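Under this note's numbering, read the sequence shown as residues 13 to 226, first letter to last.
Down below is the structure, laid out as structure tokens.
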Amino acid sequence: GLEVANASLYDGPSALAEAAFMALRLTRRDEIVVSGGVHPEAAHVVRTYAQGPGLPVIEQPLDPLTGATVFDPASLPIGVGAVLVQQPNCLGVVEDVEAAAEAAHAAGALLVVSVNPGTLGVLEAPGSLGADIVMGDAQVFGNAPSFGGPSAGFLACRSNHIRQIPGRLVGQTTDLDGRTCYTLTLQAREQHIRRAKATSNICSNQALSALGAT
13 GLEVANASLY
23 DGPSALAEAA
33 FMALRLTRRD
43 EIVVSGGVHP
53 EAAHVVRTYA
63 QGPGLPVIEQ
73 PLDPLTGATV
83 FDPASLPIGV
93 GAVLVQQPNC
103 LGVVEDVEAA
113 AEAAHAAGAL
123 LVVSVNPGTL
133 GVLEAPGSLG
143 ADIVMGDAQV
153 FGNAPSFGGP
163 SAGFLACRSN
173 HIRQIPGRLV
183 GQTTDLDGRT
193 CYTLTLQARE
203 QHIRRAKATS
213 NICSNQALSA
223 LGAT
């Protein structure tokens, strides 16, 4: 349900952390809210990322009866820039992404949704429900775990956020003979010469893993 996607991130958890940082850059804020339904290992990676620059990470509680994240317009702290939700969450509960998006946007934040891509055949696309950034791990499409890797994290966003997306982007165009071809595009020079301005410092070329998943 979003216009732009890439697959240059190591795995799902690192893609979640990169998406959180991307949302903070776009909102110019420094607080991250993580749903209690996000897988604990992925949430731990986000906290590890945030520890370096000293960014606060706040957990949003789950409803003890339903297992879904509690979201209402007054439930998010002032100053939050990124709200992270997993769909379905780590308990297998389908979250109300639309309510999460409304709460996040009311607080001036962007909503990041972590998805298992295999579930998108039956669940509504998060982008259609108001999500601003959607990410996940393509390993579920059959890449062998191989002692923990390699995998391929993917990240999708709205076209007006494209300049802040981490990793590589491939654009489609035509050559002089009118044939369809593909080329790296919008590659920020900061990735190479102004590293403090880079959108990411850990992105790799996961093309082989992404092609394997495809």
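Note that CB positions come from ideal geometry on N, CA and C, so glycine has one too.
Predicted, not measured: the structure shown is a model, and the values here were computed from it.
Exercise. Near L181, which residues of its chain fall below 6 Å by C-beta distance, leaving aside the five closest residues on each side in sequence?
Worked result: Counting only Cβ-Cβ distances below 6 Å, and skipping sequence neighbours, we find N18, T197, L198.
Problem set entry | Boundaries of the beta strand (DSSP E) in which T192 is found, first to last residue | 192-196
Exercise. Does the Cβ of G179 have 16 or more other Cβ atoms within 10 Å, making it buried, or fewer, making it exposed?
Worked result: buried
For this session: Please name the residue in M34, A86, D23 whose C-alpha comes closest to that of A210.
Result: M34
Problem set entry | The alpha helix (DSSP H) enclosing G165, as first and last residue numbers | No alpha helix (DSSP H) holds G165; the beta strand (DSSP E) holding it covers 165-169.
Problem set entry | Cα-Cα separation between R191 and P25, rounded to whole angstroms | Approximately 37 Å, taken between the alpha carbons.
For this session: Could you tell me which of D187, P162, A55, Q184 sits nearest to V124, measuring between CA atoms?
Result: Checked all of D187, P162, A55, Q184; the closest Cα to V124 is A55.
Exercise. What residues are listed by DSSP as bridge partners for S126?
Worked result: Checking the DSSP bridge columns, you'll see S126 partnered with Q98, M147.
Problem set entry | Cutoff 8 Å; reference A119; Cβ partners in own chain excluding five residues on either side | Around A119: P85, L88, P89, I90, V92, V95.
Exercise. Can you list the beta strand (DSSP E) stretches of 3 or more residues lying completely in the stretch 32-105, in chain order?
Worked result: Inside the stretch 32-105, DSSP marks whole beta strand (DSSP E) runs of 3 or more residues at positions 43-47, 69-72, 92-99, from first to last along the chain.
For this session: Please list, in chain order, all residues of the same chain as G13 whose beta carbon is under 7 Å from its beta carbon, the five residues on each side excluded.
Result: Taken in chain order, the residues that qualify are A137, P138, G139, S140.
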